[in-house]
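The structure appears below as structure tokens.
Protein chains: 2
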Amino acid sequence: MAFDYEMKKRLRNDCAEALIMSADEAAKLIEDGMVVGVSGFTPSGYPKAVPLALAERVKNGEEIHVELFTGASVGPEIDTALVEAGIVTRRLPYQTNATLRNAINAGQVKYIDMHLSQSPQYVNMGFLPKPDVALVEALAITEEGNLILTTAVGNTPTFVKNADTVIVELAMKKPLALEGMHDIYITENPPHRKPINICHPADRIGTTYVECGWDKIKAIVISDFIDKTRPLADIKEDERKIGENIIAFFKEEVKAGRLTNELLPLQSGVGSVANAVLYGLIDSEFENLTCYTEVVQDSMLDLLRSGKATMASTTSISPSPAGQEKFFEEVEFFKDKIIFRPEEISNNPEVARRLGVIAMNTALEVDIYGNVNSTHVMGKKMMNGIGGSGDFSRNAGISIFTTSSIAKNGDISSIVPMVSHVDHTEHEVMVIVTEQGYADLRGLSPKERAVKIIENCAHPDYRDQLMDYFNRACAAAPCQTPHILDEALSWHADFEKNGTMKK
Amino acid sequence: MAFDYEMKKRLRNDCAEALIMSADEAAKLIEDGMVVGVSGFTPSGYPKAVPLALAERVKNGEEIHVELFTGASVGPEIDTALVEAGIVTRRLPYQTNATLRNAINAGQVKYIDMHLSQSPQYVNMGFLPKPDVALVEALAITEEGNLILTTAVGNTPTFVKNADTVIVELAMKKPLALEGMHDIYITENPPHRKPINICHPADRIGTTYVECGWDKIKAIVISDFIDKTRPLADIKEDERKIGENIIAFFKEEVKAGRLTNELLPLQSGVGSVANAVLYGLIDSEFENLTCYTEVVQDSMLDLLRSGKATMASTTSISPSPAGQEKFFEEVEFFKDKIIFRPEEISNNPEVARRLGVIAMNTALEVDIYGNVNSTHVMGKKMMNGIGGSGDFSRNAGISIFTTSSIAKNGDISSIVPMVSHVDHTEHEVMVIVTEQGYADLRGLSPKERAVKIIENCAHPDYRDQLMDYFNRACAAAPCQTPHILDEALSWHADFEKNGTMKK
Chain A
1 MAFDYEMKKR LRNDCAEALI MSADEAAKLI EDGMVVGVSG FTPSGYPKAV
51 PLALAERVKN GEEIHVELFT GASVGPEIDT ALVEAGIVTR RLPYQTNATL
101 RNAINAGQVK YIDMHLSQSP QYVNMGFLPK PDVALVEALA ITEEGNLILT
151 TAVGNTPTFV KNADTVIVEL AMKKPLALEG MHDIYITENP PHRKPINICH
201 PADRIGTTYV ECGWDKIKAI VISDFIDKTR PLADIKEDER KIGENIIAFF
251 KEEVKAGRLT NELLPLQSGV GSVANAVLYG LIDSEFENLT CYTEVVQDSM
301 LDLLRSGKAT MASTTSISPS PAGQEKFFEE VEFFKDKIIF RPEEISNNPE
351 VARRLGVIAM NTALEVDIYG NVNSTHVMGK KMMNGIGGSG DFSRNAGISI
401 FTTSSIAKNG DISSIVPMVS HVDHTEHEVM VIVTEQGYAD LRGLSPKERA
451 VKIIENCAHP DYRDQLMDYF NRACAAAPCQ TPHILDEALS WHADFEKNGT
501 MKK
Chain B
504 MAFDYEMKKR LRNDCAEALI MSADEAAKLI EDGMVVGVSG FTPSGYPKAV
554 PLALAERVKN GEEIHVELFT GASVGPEIDT ALVEAGIVTR RLPYQTNATL
604 RNAINAGQVK YIDMHLSQSP QYVNMGFLPK PDVALVEALA ITEEGNLILT
654 TAVGNTPTFV KNADTVIVEL AMKKPLALEG MHDIYITENP PHRKPINICH
704 PADRIGTTYV ECGWDKIKAI VISDFIDKTR PLADIKEDER KIGENIIAFF
754 KEEVKAGRLT NELLPLQSGV GSVANAVLYG LIDSEFENLT CYTEVVQDSM
804 LDLLRSGKAT MASTTSISPS PAGQEKFFEE VEFFKDKIIF RPEEISNNPE
854 VARRLGVIAM NTALEVDIYG NVNSTHVMGK KMMNGIGGSG DFSRNAGISI
904 FTTSSIAKNG DISSIVPMVS HVDHTEHEVM VIVTEQGYAD LRGLSPKERA
954 VKIIENCAHP DYRDQLMDYF NRACAAAPCQ TPHILDEALS WHADFEKNGT
1004 MKK
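Quick mapping for you: the protein sequence lines, in order, are chains A and B.
Throughout the first sequence, residue numbering follows the numbering used here, covering 1 to 503 in sequence.
Throughout the second sequence, residue numbering follows the numbering used here, covering 504 to 1006 in sequence.
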């Protein structure tokens, strides 16, 4: 490709030209046994050309194994292609890819399921090996050799800081207008760490670029790839009801004087329930909303378009393919309404606690005492991972977990006697919401919680069965948290044996 | 008691004299159905005369029930006397009292087991009812009617702020020299909250008094009580070895360049293991240590005396009776070495994360994947509560959990296939230490963790049995976190039936 006028807007130093090479050539910088840190968070802002070239090398007979550190989930060009090629031996801190999920559960890939905000700290403090190579999708490289990122920040600043070799994929299809929307700040290691001076989601504390320098950049690959974001799923009836129940809860909080019509900064997980809530807010009396979250999807863009929300702080934007196209056309409108931050900041406990975010995350299952499993199917198989849900919920002003009350056509009750894996404990789960209603657990003892969760959240088909367990557990021995140990996990065991939790 | 010269040093406005009354009279300000917030954290700095008088009223036939909010555990004058009298209907956020524990497990007292740092936020944000009465042990009352606290801050600032009625117990037996050691700061509610500007444990951000005002003070009770602190227990052989193993871990961290000889600010739980670690540090190469913790006990005072530690930030000091006496004699020495903060600050996620504290807390049991139960005996009976362990460990630079590998003369293995209750999840438990050794879990997948925990931490009597479970679980179905659901809690069930976990 000629080093033309358009290219000079993206590569702002003449020394860049000598670094331009094909993805195949760049992939040769990645050697067997290396730790590779890639940009991206959700299928957004991740490198594509070099991973595909790397997979190709292995298909052609080379033996290459790497440990792969990401921001969160990334696209199939990484998690499908590299995993199918058998390249990935260890992977962190989050994923959502079917191929990778199968390889994790099969024991082919060692998976470290981490609080996202802690993943950069683990690298910076030396708890994990430093990446040998940082592989980064960028919009442009400044005259000084600093990187302007694209649609996600994730852990890129930390990987670039710690790696000696940086490979840049220059994303020609992403508009240069995104420049200026990033706010890059890396915390010092303790004991030198300073306050993260964000008191409002709109506060800026960093630079618009990731510090790098030409000495580290060993390859620039010109790329026409775009992110393989997920199509927008229809909002199902249950999800719509969950959204309505959350908004009903907000209204009660306002009535009780605990929230105002501006609520508190919203964090919402990914998917249809999040979309249902945010679309519900567009048609509500709430106003001047803000978001302090990790992913912006179509619904949040619409919330910003509607004027109901004034701005969103995030580490990634990951709308549907159609939503992505529309966003690129409207970047100028969103320029003062979205800030992209490193996930160490977007998910930081300090900031989440200070802002008092309303954390809304999904549960796989919830038990009658308010413990939440958000990662392990039947306590054993990894679904996706904890992601940022712990970062937010543990430090939230209000933490909300949502789930449909049943799954698998009613053969699974999402409300169980005891969850088969715990990611969020009774100590920090404040509100459970299903399509049946919500249970506000704040200030309740375990036994009070049980009655409320069963009555308000469980599916009617399972209420008697749950209450029967609870009553027998209470009768068996007086205690703080009644359980029958032989039976606590029997609902899951029954499902495995009989295909249903129904007794 | 005459309003003499000594008294004027403690009651610095003449209007105080009219408020002096007996504990019996003051106790009449507490009415049936009220919420009472008391000062104190650990058996330190808590009111004594008025609770005893209140219990007396009930013994004499009055019907009084209250909800009782504290800082953490308090002394028997509250948790034994009021509970025996049947006065307490609901209690939060922490306790360690045998009488209260029995009443909680019997269902007579509803107990909300909370992250300590969240308890003041729950009151300030209206998630819990506001205390009607704040009952506070104080050293002195300033001319403006502000309160100088004694040996603990706990939740007192929040209770005083929210209550309309404040009853003061003036602790004549505690030296006035304590004045100036407190640093009182209350966070605003979101969205108006500002950074908590502590970058070193010695940083001060607040006032030396709790803002109150004469209009709120409805009674002053002159008290000669002192705190019923716990006697110092001997350090057992297992506990000594756990201390040694923690220090061995520190040395490895220094060798690997992840810590310096100054370590990071230490948070250590209560009890003999904490004492063993801190005494071990006195005889070590580590120096210029600091503490950012919630309780200072004898060993930390000795660490300060030795010069190995330069200062300790805490919310309470709770040494043995002999240690208390010695501390009172040496207050001037400790005056620039100890800061008492509200538990919202001593335990704050923001500050713990920034400072990168080394959090050392005890576990009741740990499972092979690194989940920790620190509250529920056999998953059901409340022991004490989570206290500050979650505040610290979730935001620590390094989180360490300790336990003896066995209990009940070897009939209980503290390392189990699956913990019967989860307070700390695999996502934030970094290092497990028993008398057998330590398991550094950072960066390991669940299956790698299992092998390390079994080999390094489990008691030899249980290693084969644990490895047998793990191997059979691995063989049963490929997955991220192998378990046999029918068997996962069978060790606990076996102990209940047969008195031993041995198969």
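Note that the Cβ used here is the ideal one computed from N, Cα and C, for glycine as well.
If you measure between the beta carbons of residue 396 of chain A and residue 363 of chain A, is that distance less than 8 angstroms? Against a cut-off of 8 angstroms, the Cβ pair of residue 363 of chain A and residue 396 of chain A comes out as no contact.
At a CB-CB cut-off below 8 angstroms, which residues of chain A make contact with residue 926 of chain B? What residue 926 of chain B touches in chain A: 425, 427.
Does the distance from the CB of residue 423 of chain A to the CB of residue 930 of chain B come in under 8 angstroms? Between residue 423 of chain A and residue 930 of chain B, the C-beta gap is smaller than 8 angstroms, which places the two residues in contact.
Kindly indicate if chain A contains any beta-carbon less than 8 angstroms away from that of residue 981 of chain B. Yes, residue 981 of chain B counts as interfacial toward chain A.
Taking only beta carbons into account, state which residues of the region 381-397 of chain A come closer than 8 angstroms to chain B, listed in chain order. For the region 381-397 of chain A, which is checked against every Cβ of chain B, the residues closer than 8 angstroms are 381, 382, 386, 390, 394, 395, 397.
Comparing the C-beta of residue 614 of chain B with each C-beta of chain A, is any distance below 8 angstroms? For residue 614 of chain B, the answer is yes, since a Cβ of chain A falls inside 8 angstroms of its Cβ.
Residues in the same chain with beta-carbon distance under 6 angstroms from residue 402 of chain A, minus the five sequence neighbours each way, listed in chain order, please. Within its own chain, the residues whose Cβ lies closer than 6 angstroms to the Cβ of residue 402 of chain A, once the five positions on either side in sequence are excluded, are 242, 273, 362, 433, listed in chain order.
Could you say which of B:632, B:520, B:565 lies nearest to residue 594 of chain B if we only look at CA atoms? Considering only B:632, B:520, B:565, the residue with the shortest C-alpha distance to residue 594 of chain B is B:632.
Residues of the region 838-852 of chain B with Cβ closer than 8 angstroms to any Cβ of chain A, in chain order: Going along the region 838-852 of chain B in chain order, one finds 851, 852 with a Cβ nearer than 8 angstroms to chain A.
Length-filtered (3 minimum) beta strand (DSSP E) runs lying within the region 931-984 of chain B: You should have 934-937, 940-943.
Burial state of residue 6 of chain A, where buried means 16 or more other Cβ atoms lie within 10 Å: That one is exposed.
Between the CA atoms of residue 597 of chain B and residue 1032 of chain B - distance to the nearest angstrom: Missing from the structure shown is residue 1032 of chain B; chain B here goes from 504 to 1006 and no further.
Going by C-alpha to C-alpha distance, which of A:366, A:180, A:316 sits closest to residue 335 of chain A? Of the listed residues, the one whose Cα sits closest to residue 335 of chain A is A:180.
Ends of the beta strand (DSSP E) at residue 133 of chain A? Where residue 133 of chain A is concerned, the enclosing beta strand (DSSP E) stretches over 133-141.
For the structure I just gave you, are there three or more beta carbon pairs, one from the region 532-551 of chain B and one from the region 638-655 of chain B, closer than 8 angstroms? Here the region 532-551 of chain B makes contact with the region 638-655 of chain B; the two share three or more CB pairs at distances below 8 angstroms.
Could you confirm whether any beta carbon from chain B is found closer than 8 angstroms to the beta carbon of residue 512 of chain A? An answer regarding residue 512 of chain A cannot be provided, because it is not within the stretch 1 to 503 covered by chain A.
Whose C-beta lies closer than 6 angstroms to the C-beta of residue 893 of chain B among residues of the same chain, with five residues either side of it excluded? A distance below 6 angstroms between beta-carbons, with the five flanking residues on each side excluded, links residue 893 of chain B to the following residues of its chain, in chain order: 618.
Check whether the Cβ atoms of residue 843 of chain B and residue 969 of chain B sit closer than 8 angstroms, and answer yes or no. No, they are not a contact pair.
Rounded C-alpha distance that separates residue 995 of chain B from residue 118 of chain A: Straight-line spacing of the CA atoms in residue 995 of chain B and residue 118 of chain A works out to 33 angstroms.
Give the list of continuous alpha helix (DSSP H) stretches no shorter than 4 residues that lie fully inside the region 64-133 of chain A. When DSSP assignments are scanned along the region 64-133 of chain A, the uninterrupted stretches of alpha helix (DSSP H) that are 4 or more residues long and fall wholly within it turn out to be 76-79, 81-84, 98-105, 118-124.
Residue 496 of chain A versus chain B: which residues are under 8 angstroms apart at the beta carbon? 988, listed in chain order.
Counting only C-beta atoms, is residue 502 of chain A closer than 8 angstroms to chain B at any point? Under the 8 angstroms criterion on CB atoms, residue 502 of chain A is classed as non-interfacial with respect to chain B.
Under 8 angstroms between C-beta atoms of residue 44 of chain A and residue 171 of chain A: Not a contact, by the Cβ cut-off of 8 angstroms.
Suppose only complete runs of 3+ residues qualify. What are the beta strand (DSSP E) ranges in the region 518-573 of chain B, listed by chain order? Annotation note: the region 518-573 of chain B contains the following uninterrupted beta strand (DSSP E) runs of length 3 or greater, listed N- to C-terminal: 538-541, 569-572.
Against chain A, with Cβ distances strictly below 8 angstroms, would residue 617 of chain B count as a contact? Answer yes: the Cβ-Cβ gap between residue 617 of chain B and chain A drops below 8 angstroms somewhere.
Cβ separation of residue 343 of chain A and residue 294 of chain A, assumed to be a contact under 8 angstroms, to the nearest whole Å: Confirmed, Cβ separation roughly 7 angstroms.
For chain B, find out if any of its Cβ atoms is closer than 8 angstroms to the Cβ of residue 404 of chain A; answer yes or no. It does not: the Cβ of residue 404 of chain A has no partner Cβ on chain B nearer than 8 angstroms.
How is the alpha helix (DSSP H) around residue 688 of chain B delimited, first residue to last? Residue 688 of chain B: not part of any alpha helix (DSSP H); DSSP gives it neither H nor E.
Nearest-angstrom beta carbon gap, residue 670 of chain B and residue 553 of chain B [assumed within contact, 8 angstroms]: The C-beta separation of residue 553 of chain B from residue 670 of chain B comes to about 6 angstroms, placing the pair in contact by the 8 angstroms criterion.
For a test of the three-state rule: what should DSSP assign to residue 548 of chain A, helix, strand or coil? Since the first residue shown for chain A is 1 and the last is 503, residue 548 of chain A is missing from the structure and cannot be characterised.
What does the alpha-carbon distance come out to for the pair residue 582 of chain B and residue 555 of chain B? The C-alpha of residue 555 of chain B is placed about 10 angstroms away from the C-alpha of residue 582 of chain B.
Cβ-based burial, residue 459 of chain A [other Cβ within 10 Å; buried from 16]: Buried is the label assigned to residue 459 of chain A, since at least 16 other Cβ atoms lie within 10 Å of its Cβ.
Looking at the unbroken beta strand (DSSP E) that takes in residue 870 of chain B, where does it start and where does it end? Boundaries of the beta strand (DSSP E) harbouring residue 870 of chain B: 868-870, taken from the DSSP string.
What residue range does the alpha helix (DSSP H) around residue 778 of chain B cover? Run containing residue 778 of chain B: 775-785, per the alpha helix (DSSP H) assignment.
Note down, in chain order, each residue of its chain lying with its Cβ closer than 7 angstroms to the Cβ of residue 938 of chain B, except the 5 sequence neighbours on either side. Counting only Cβ-Cβ distances below 7 angstroms, and skipping sequence neighbours, we find 741, 744, 745, 907, 908.
Output, in chain order, the set of chain B residues within a Cβ distance shorter than 7 angstroms of residue 104 of chain A. Simply 983.
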